[in-house]
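The opening position of the sequence shown corresponds to residue 1 in the working numbering, with each subsequent residue numbered one higher.
Think of the CB as a built atom: it goes at the ideal place given N, C-alpha and C, for glycine as much as any other residue.
All figures in this text were calculated on a predicted structure; none of them were measured in a lab.
Structure first, commentary second.
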Amino acid sequence: MSVLSRELDFQLYECLKADSLTSRDRYHGQSKEDYASVLSAAERLAGDYFAPHYAKGDANEPQFVEGAAHTIAETGEAWRAFAEAGFLSAHWDAEEGGIQLPEPVFRAAMAHFFTANVATMGYPFLSIGAANLLRTFGSEELKRLYLPLMASGICAGTMALTEPGQGSALGDIKTVAEPADDGSYRISGHKMFISGGDQDFSDNIVHMVLARIKGAPAGVKGISLFLVPKFIPRADASRGERNDVALAGLLHKMGWRNTTSTVLSFGEKGGATGWLLGEPNRGLAHMFQLMNEARIGVGLIAACLAYRGFTESLAYARERPQGRLPSCKNPLSPQVRIIEHADVKRLLLTQKAYAEGALALCLQASAWFEDQHSHPDQTRRELAGHLLDLLTPVVKSWPSRYGCRSNDMAIQVLGGSGYTREYPVEQLYRDQRLNPIHEGTEAIHGLDLLSRKVRQADGVGLRAFLNLMRQESDAAEAPLQVLAQALRQGADGLEAVTAKLVAAQSSQPDLALAHATEYLDAFGRVTQGWIWLKQARVAHQALHTADKGSDALHYYRGKLQAARHYFETELPLVHVQFELLTSLPGTTLEMKDEFFL
Numbered sequence: 001m002s003v004l005s006r007e008l009d010f011q012l013y014e015c016l017k018a019d020s021l022t023s024r025d026r027y028h029g030q031s032k033e034d035y036a037s038v039l040s041a042a043e044r045l046a047g048d049y050f051a052p053h054y055a056k057g058d059a060n061e062p063q064f065v066e067g068a069a070h071t072i073a074e075t076g077e078a079w080r081a082f083a084e085a086g087f088l089s090a091h092w093d094a095e096e097g098g099i100q101l102p103e104p105v106f107r108a109a110m111a112h113f114f115t116a117n118v119a120t121m122g123y124p125f126l127s128i129g130a131a132n133l134l135r136t137f138g139s140e141e142l143k144r145l146y147l148p149l150m151a152s153g154i155c156a157g158t159m160a161l162t163e164p165g166q167g168s169a170l171g172d173i174k175t176v177a178e179p180a181d182d183g184s185y186r187i188s189g190h191k192m193f194i195s196g197g198d199q200d201f202s203d204n205i206v207h208m209v210l211a212r213i214k215g216a217p218a219g220v221k222g223i224s225l226f227l228v229p230k231f232i233p234r235a236d237a238s239r240g241e242r243n244d245v246a247l248a249g250l251l252h253k254m255g256w257r258n259t260t261s262t263v264l265s266f267g268e269k270g271g272a273t274g275w276l277l278g279e280p281n282r283g284l285a286h287m288f289q290l291m292n293e294a295r296i297g298v299g300l301i302a303a304c305l306a307y308r309g310f311t312e313s314l315a316y317a318r319e320r321p322q323g324r325l326p327s328c329k330n331p332l333s334p335q336v337r338i339i340e341h342a343d344v345k346r347l348l349l350t351q352k353a354y355a356e357g358a359l360a361l362c363l364q365a366s367a368w369f370e371d372q373h374s375h376p377d378q379t380r381r382e383l384a385g386h387l388l389d390l391l392t393p394v395v396k397s398w399p400s401r402y403g404c405r406s407n408d409m410a411i412q413v414l415g416g417s418g419y420t421r422e423y424p425v426e427q428l429y430r431d432q433r434l435n436p437i438h439e440g441t442e443a444i445h446g447l448d449l450l451s452r453k454v455r456q457a458d459g460v461g462l463r464a465f466l467n468l469m470r471q472e473s474d475a476a477e478a479p480l481q482v483l484a485q486a487l488r489q490g491a492d493g494l495e496a497v498t499a500k501l502v503a504a505q506s507s508q509p510d511l512a513l514a515h516a517t518e519y520l521d522a523f524g525r526v527t528q529g530w531i532w533l534k535q536a537r538v539a540h541q542a543l544h545t546a547d548k549g550s551d552a553l554h555y556y557r558g559k560l561q562a563a564r565h566y567f568e569t570e571l572p573l574v575h576v577q578f579e580l581l582t583s584l585p586g587t588t589l590e591m592k593d594e595f596f597l
């Protein structure tokens, strides 16, 4: 069993009790063995088709030739293998052609692919989200035509939001949709940073496009959502004529190089044909399903990249001899492996805390998503929904920020070798660095959390989360009471500073929200305290049944060491953040443009 498989098993079955999902009506007849088989297939497929060209795809990024994007052959081979194995639709209902795989198990399977090759995995990642959007908001006719094509891999999918002049300000988009006589629309405008917007391995691509119906209100209230294919399928689902969608160019990113980043032009020849999804002028609300799914997905990607960086640097540290411990005064004594040096242990232990904590947080979010839709108790479904809404900004942002720190530490462990292309950690860092920007910057998510999410439904989500943290602290065993007390203090501090910042928004909104990013980080720091106390409790209890000297015993002791490390070195920093947030300094807000000289 690989180290990632062992970690996923711990998270799924020991922490989240995912095997208990088989008692729910939707998963009747499934078993833990079924889930193990799916995860094993994902690991095998990732190793055979995705991992081998991780570096090659980075070194040979897609090319723009005669108006089309061309990728290396291995990308298409991986896409087809992924589709043929049924992973594009594994979580769909049985009547849609899926196997109704529970969300936590499905996302754990995706972790194998993200860890192996995140850039090639970018295409299935977006296609899965686009298909989910179609499943929710598409007409029966559109679903009948496109879902089988998307499940089979004949048709890929994208999300087309950003425009050259608008960035994240979606209320200002200029793309226009004009109604046609046949009930379709003609779409005209430009989109950029569209990942997977063109490639040469799927027969078709479906773009999920935000546009404004001609005459619609200004701002976000006038945005609608459209399905716009690259080729318009015929009635028998075969590929028809080319739609009025053109690849204007490719953008060249520091990471995820094998995922095309495109500039698309809609309507150069009179208007691209598109079909409305959902209700007119409700497009942004509809698109939030895909955006939130992608945000949790980006968090998982960040966790996987951090985890791989950790394991790569750990393997190197176990093999690389260099130097001697300070206590050794004999220059003729053998060199020690660098894992024996205290600072290398610090770097590795911090990576472990970041990576495993991030992975646990993302799978917890997947468990809440599952409970929101399939838990038999309506109260529990509603509670899961409130918790997921509240924590989504944290799930996206915390793994992305600390994933970068973790991958930076992986490079540091390797020293001079760390920034050479002979080792994967430099590519992992470049791939990771995109995640703090993917699906919204930290500032966007900080504003969302502080101005909306903590106040949503009169603060029910925040109160529920504070209760969860306090319940976890109350349930901690005696050996973990130091950790439990630290989490209680973190939860109390978070509650107090949230109340102050929410109140300040009434009279000083600009000042209060100027610190939203710091608040987001502090919120995530406390959240990780909860995540690590949960893991520590499970590991502490498992120690009693682990055989002496076994790998299991070492694994659980490693969990406890990582938990202690997080509580000793990371969580205490939140109190400095609370002091800053409580004092509400105005230095940043008061800074003038002309002072930047």
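Quick check on the DSSP output: the beta strand (DSSP E) that includes residue i runs from which residue to which?
{"i": "Trp92", "result": "Taken as a continuous stretch (DSSP letters only), Trp92 belongs to no beta strand (DSSP E), as it is neither H nor E."}
{"i": "Gln471", "result": "Taken as a continuous stretch (DSSP letters only), Gln471 belongs to no beta strand (DSSP E), being part of the alpha helix (DSSP H) at Val460 to Ala475."}
{"i": "Ser261", "result": "Ser261 to Phe266"}
{"i": "Gln63", "result": "Gln63 to Val65"}
What is the rounded straight-line gap between the Cα of residue i and the Cα of residue j?
{"i": "Asn60", "j": "Arg488", "result": "50 Å"}
{"i": "Phe465", "j": "His540", "result": "23 Å"}
{"i": "Gly165", "j": "Asn467", "result": "43 Å"}
{"i": "Arg380", "j": "Ser374", "result": "10 Å"}
{"i": "Arg571", "j": "Ile223", "result": "Sequence inspection shows Leu at residue 571; the Arg mentioned does not correspond to that position. Cα to Cα, the separation comes out at about 42 Å."}
{"i": "Gly416", "j": "Tyr423", "result": "11 Å"}
{"i": "Glu141", "j": "Asp236", "result": "12 Å"}
{"i": "Asp547", "j": "Gln561", "result": "19 Å"}
{"i": "Asp9", "j": "Arg107", "result": "13 Å"}
{"i": "Val336", "j": "His565", "result": "24 Å"}
{"i": "Asp389", "j": "Ser397", "result": "14 Å"}
{"i": "Gln485", "j": "Val574", "result": "14 Å"}
{"i": "Glu7", "j": "Glu356", "result": "8 Å"}
{"i": "Ala384", "j": "Arg537", "result": "22 Å"}
{"i": "Ala475", "j": "Leu462", "result": "20 Å"}
{"i": "Val454", "j": "Phe231", "result": "43 Å"}
{"i": "Trp666", "j": "Ala111", "result": "A query on residue 666 cannot be resolved here, the shown segment of the chain reaching from 1 to 597 and no further."}
{"i": "Ala109", "j": "Gln372", "result": "20 Å"}
{"i": "Ser265", "j": "Ile205", "result": "14 Å"}
{"i": "Trp256", "j": "Met192", "result": "16 Å"}
{"i": "Pro326", "j": "Phe578", "result": "38 Å"}
What residue does the alpha helix (DSSP H) around residue i start on, and which one ends it?
{"i": "Ile296", "result": "Gly283 to Glu319"}
{"i": "Phe106", "result": "Glu103 to Ala116"}
{"i": "Ala81", "result": "Ala73 to Glu84"}
{"i": "Glu422", "result": "Unbroken run through Glu422: none, as it is neither H nor E."}
{"i": "Glu163", "result": "Run containing Glu163: none; DSSP gives neither H nor E here."}
{"i": "Gln535", "result": "Ala516 to Ala542"}
{"i": "Lys592", "result": "Counting along the chain, Lys592 falls outside any alpha helix (DSSP H), and DSSP gives it neither H nor E."}
{"i": "Ala342", "result": "Ala342 to Ser374"}
{"i": "His575", "result": "Val574 to Ser583"}
{"i": "Leu560", "result": "Asp551 to Thr569"}
Give me the residue from the options with the minimum Cα distance to residue i.
{"i": "Lys253", "options": "Val176, Pro62 and Ser202", "result": "Pro62"}
{"i": "Tyr354", "options": "Gly196, Gly323 and Met409", "result": "Met409"}
{"i": "Arg282", "options": "Ala303, Val209, Ser313 and Ala246", "result": "Val209"}
{"i": "His207", "options": "Ala69, Met469, Ala131 and Glu33", "result": "Ala131"}
{"i": "Pro229", "options": "Lys345, Arg186, Gly215 and Ser507", "result": "Arg186"}
{"i": "Val413", "options": "Ala504, Val344 and Leu483", "result": "Val344"}
{"i": "Thr350", "options": "Thr527, Ala563, Asp93 and Asp458", "result": "Ala563"}
In chain order, what residues of the same chain have a beta carbon less than 7 Å from the beta carbon of residue i, not counting five sequence neighbours either side?
{"i": "Thr582", "result": "Val497 and Lys500"}
{"i": "Leu305", "result": "Val118, Gly403, Asn407, Leu428, Asp431 and Gln432"}
{"i": "Pro104", "result": "Leu12, Leu16, Ala18, Leu363, Ser366, Ala367 and Glu370"}
{"i": "Leu126", "result": "Gly157, Thr158, Met159, Ser195 and Gly196"}
{"i": "Arg324", "result": "Ser333, Gln335 and Val336"}
{"i": "Glu77", "result": "Tyr49"}
{"i": "Gly274", "result": "Ala177, Ser184, Tyr185, Ile187, Val209, Phe226, Leu227 and Val228"}
{"i": "Gln30", "result": "Thr22"}
Excluding sequence positions up to five away, which residues of its chain have a Cβ less than 8 Å from the Cβ of residue i?
{"i": "Ala514", "result": "Gly586, Thr588 and Leu589"}
{"i": "Glu426", "result": "Ile411, Gly418, Tyr419 and Thr420"}
If I measure Cβ to Cβ from residue i and keep anything under 6 Å in the same chain, skipping five residues before and after, which residues do I get?
{"i": "Ile339", "result": "Ala317 and Arg318"}
{"i": "Val298", "result": "Lys396, Asn435, His438 and Glu439"}
{"i": "Leu277", "result": "Phe137, Gly138, Leu225 and Leu227"}
(message) Does the segment 98-105 come into contact with the segment 207-227, if we say contact requires no fewer than three beta-carbon pairs (one atom in each stretch) closer than 8 Å?
(response) no
(request) Count the CB pairs spanning the segment 6-22 and the segment 51-59 that are closer than 8 Å, and state whether there are at least three. (result) no
(request) Say whether the segment 193-201 touches the segment 278-297, bearing in mind that this needs 3 or more beta-carbon pairs closer than 8 Å, one atom from each stretch. (result) no
(request) Specify whether the segment 117-136 and the segment 77-86 touch according to this definition: at least 3 beta carbon pairs, one from each stretch, less than 8 Å apart. (result) yes
(request) Taking 8 Å as the threshold, find out whether the segment 505-523 comes into contact with the segment 443-453 through three or more Cβ pairs. (result) yes
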